[in-house]
Structure formats: structure tokens, C-alpha cells
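In this note's numbering, the protein residues as written are 23 to 87. Here a beta-carbon is modelled for each residue, glycine too, at the ideal position from N, C-alpha and C. Below you'll find the structure, written out as C-alpha cells, and then a few comments.
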């Protein structure tokens, strides 16, 4: 079975994609900075942050170069 990333970031200038969240759970984009460097998203995955065992959706930020 092929894994499909739950959240991707596309660079419109280069046409490339980068995985934001590759987790077997739901994820949604809450905000992207004007320059596209920072992405804030929520996810129900329990393996993004250590010791995340509450079973609830959490908010994360990823910074791209």
C-alpha cells in the first residue's frame, strides 16, 4: 500500500513539493507565512511529538528553508 502524505507544501516558483506532515492521520493547514517559510498545522497523529499520548489534535509549526 502506498503512503500518501497528509500535508504538502508546493513552491510555486520552482514547482517542487515538500512534505509537511507524513503521518497516518488527519492534518490540516491552519496558516502559512507570507513568504511560505513557516507552516502552522494541526494533526491527530500521535507520532509527531514525543510523549503525545492524549489522543487529541495538536498544533505544530514547521519552518522551511
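Between the beta-carbon of residue 62 and that of residue 42 there is about 10 Å, and that puts the pair past the 8 Å contact cut.
By the 16-neighbour rule on beta-carbons within 10 angstroms, residue 67 is buried. Non-local C-beta neighbours of residue 32 in its own chain, meaning closer than 6 Å and more than five positions away in sequence, comprise 39, ordered along the chain.
Nearest C-alpha to residue 64 among 57, 34 and 53: 53.
If you draw a 10 Å sphere on the C-beta of residue 29, you find 16 or more other C-beta atoms in it, and that means buried.
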